[in-house]
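Notes for the one structure printed next.
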Amino acid sequence: EKGGFATFMDKEIAEQPAAVADTLRGHFDGTRIVLDEQRLGEDELRTIDKVFVVACGSAYHSGLVAKYAIEHWTRLPVEVELASEFRYRDPVLDRDTLVVAVSQSGETADTLEAVRHARRQRARVLAVCNTNGSQIPRESDAVVYTHAGPEVGVASTKAFLAQITANYLVGLALAQARGTKYADEVARDFQALSEIPRAVEQTLELLEPVRELGRSIADSKAVLFLGRHVGFPVALEGALKLKELAYMHAEGFAAGELKHGPIALVEEGLPVVVVTPSPKSMPLLHSKLLSNIREVQARGARTIVIGEEGDDTIAPFADFLIELPRVPALLQPLVSTIPLQVLAAEIARTRGYDIDKPRNLAKSVTVE
Ligand code: M6R
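When the count follows our numbering, it moves up by one through the sequence shown with no breaks and lands on 388 for the last residue.
Listed below in structure tokens is the structure:
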């Protein structure tokens, strides 16, 4: 049932091109984005004036990624909140608030309770879920299913990529309802998303050196992950993968925060993974990250840089360079997360851990 792979996680990493493609399938009719169970009319979507994304763990990171796209596309304020915090702080919700609840299992207790709280406050709830008929979509006003297929490995991989994809579909649906994007722009963005499975396939072919790297840093005490913009949640996701699989201390930071504290952690030989944006589409951010890479390298860090193919500016500062195919800036997490999944899996494997069933964790967390 692992289809020739050593673990479910390896299989699920390899299934990511299909997870993205299948999640997109059927959601564009040639002119418009269509959601699945749309009990929320376009006129209701049009009156939305604020969006919350509530979720836990990797699903929360998928929301952090999508915030950049949804705000950019819709000009709506988007807050991304840990489901376990949401209902305890009396968030400002009303009929014109859209709460997007993201959950692979659809059974996560914290997220379900956040949904119930939102509905009691009359907010509209849209579920992004991978499991048909599970509780969260049942209690929501609309649903976008991620079609990642069953995910057995406790660490989320293909479901995470599918969640980002589905969150983007929600962003496009909102933009078309609000008229902040013309139909041809929506079509173009959908087309760009449709090209991602190919980029994911290409990325998967580049990963043998990442596995070797994983083996060579498996005895590190800690790893730091840095990113900016959409690369920041990718850094958080990379650190989460490493914590849960390799039981290694790992932290993700917004690279701009380095000087505000975390740089004190950098010491000789510490692996620091840096997710860099495209120098062409995000030149300013790229140059800021370049400075961050230099700062940590000057303090002895072993820099592991994820960059775009053909970017020669970072090569001199990368002790290890992972070059990924060029994709639109907002879509980069759909490729840049993959080496981080593989790195964490390989470190865990080298340390002798069960990467499908990490200690102390359950696939679905049904208690608060
Ligand atoms: O089923 P859900 O998407 O609601 O689960 C949320 C988190 O428990 C989940 O993403 C968890 O963080 C993963 N193990 C991370 O790899």
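Backbone N, C-alpha and C fix where the C-beta goes; we use that ideal spot for every residue, glycine too.
For secondary structure counted as the alpha helix (DSSP H) over 4 or more consecutive residues, the region 225-256 holds these complete runs in sequence order: 228-236.
Taking 7 Å as the cut-off, the beta carbon of residue 168 is found closer than this to the beta carbon of residue 182. The beta carbon of residue 74 sits no closer than 6 Å to any heavy atom of the ligand M6R. Taking 7 Å as the cut-off, the Cβ atoms of residue 264 and residue 353 do not count as close. Beta-bridge partners assigned by DSSP to residue 28: none are found.
Of the candidates 66, 314, 120 and 204, the residue whose Cα lies closest to the Cα of residue 293 is 314. Listed in chain order, the beta strand (DSSP E) elements of length 3 or more contained wholly in the region 317-387 are 322-328 and 340-344. Across the structure, residue 157 and residue 331 are spaced so that their CA atoms are roughly 43 Å apart. In terms of Cβ geometry, residue 322 and residue 238 do not form a close pair [threshold 7 Å]. Residue nearest to residue 128 within the set 232, 162, 165 and 154 is 154 (criterion: CA-CA distance). In the DSSP assignment, residue 192 falls within the unbroken alpha helix (DSSP H) covering 178-198.
Here the C-alpha atom of residue 101 lies approximately 5 Å from the C-alpha atom of residue 74. With a cutoff of 7 Å on beta-carbon distance, residue 172 and residue 72 are scored as not near each other. Approximately 30 Å separates the beta-carbon atoms of residue 203 and residue 357; this is outside 8 Å, ruling out the contact.
Beta-bridge analysis with DSSP links residue 282 to no other residue. Counting only residues of its own chain and dropping the five nearest sequence neighbours on each side, residue 212 has a CB closer than 6 Å to the CB of 348. Contact check for residue 205 against residue 81 fails: the beta carbons are separated by 7 Å or more.
The alpha carbon of residue 56 has as its nearest neighbour, out of 90, 146, 259 and 21, the alpha carbon of 146.
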